[in-house]
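Residues in the sequence shown are numbered from 772 upward in steps of one, following the working numbering.
As C-alpha cells, the structure follows; a few thoughts come after it.
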Amino acid sequence: RKRRRDQSIMLTSPLLAPTTDSRAERLLRLLRGAFFLGGFSGTSYERFVTLFFVRRGLSAEQIGILEAIKPVIQALGTQQLSILADTTHKRKLVSLSAQAMSCSLLMLLLIPELGCYGCWLTIGLVVCAVAAFCQPATSVLDAYTLDTLDEVGRPRDYGKYRLALAISWGVG
C-alpha cells in the first residue's frame, strides 16, 4: 500500500515527470529552459556590461560608441546565421554553436591582457563579436522551436515558450 502512494506522488510531481514522456516533450521542456536561461543571461549581461566598461577605464563616448554599434552588428549577425541555419537545415547546431561562441568570447574579457584597463579597441572587438553571435542564436532558436512545435502538432503553443524568455527578463 505504501508503494502505491509513493508512485502517485511521483506521477503528480512536475519535477519527477513520468519516464514515459516522448522525446519531443523532453525536447520542448529543454527549449523552454533554453529560452529562460538565454533571457536571464542576456538581461544580466546588459545590466552589468556598462559597469564593466567603466571599471576598465572606458570613457562615456567610448561606451556610447560600443552600445550604438551593437544593434547593427546584431542585425547583420542575425541575417548571416539565419541564412546558414536555413540553408543547412541544422538550426539546433547553429543555435548551440552561436551560444557557445558568444560565451567563449565573453570569457576572453577575463584575460587581463584582453580586458585590460583602457584597452577600448580590444574590448570593443570582443563585444562586437559577442553581439554577432548572441542575439542571432535566439533568433535561430525561435525558428527551431517553431519547427519542433509544428512537428508535434502544437504550433500555437509558441507564445508559452517566449513567455519563459519574458519572465527571465523580469526576474534577471
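We put the CB at the ideal spot given by N, CA and C, even for glycine.
Between the stretch 925-943 and the stretch 860-876 there are fewer than three inter-stretch CB-CB distances shorter than 8 angstroms, so the stretches are not counted as touching. Shown here, Lys931 sits in a helix according to DSSP, grouped into three states.
Excluding the 5 residues flanking it on each side, Ala908 has same chain C-beta neighbours closer than 6 angstroms at Ser866, Ala869, Gln870, in chain order. For Ala935, the closest C-alpha among the options Arg826, Phe824, Thr916 is that of Thr916.
Around the beta carbon of Val825, a 10 Å sphere encloses fewer than 16 other beta carbons of the protein chains shown; the residue is thus reported as exposed. Secondary structure of Ser830 (DSSP, three-state): coil.
With respect to Leu912, Gly848 sits apart: the two C-beta atoms are not nearer than 8 angstroms. The C-alpha of Val898 lies about 18 angstroms from the C-alpha of Gln851. Around the C-beta of Leu881, fewer than 16 other C-beta atoms lie within 10 Å, and the residue is accordingly described as exposed. Each residue's CA atom was taken as its position, placing Ser830 and Leu837 some 11 angstroms apart.
Excluding sequence positions up to five before and after Leu885, its CB lies within less than 6 angstroms of the CB of Leu879, Thr893, all in the same chain and listed in chain order. Residue nearest to Cys905 within the set Phe811, Leu822, Lys861 is Phe811 (criterion: CA-CA distance). By the Cβ-count criterion, Phe806 is buried, with 16 or more other Cβ atoms from all chains shown falling within 10 Å of its own Cβ.
DSSP, reduced to helix, strand and coil, places Ile844 within a helical segment of the structure shown.
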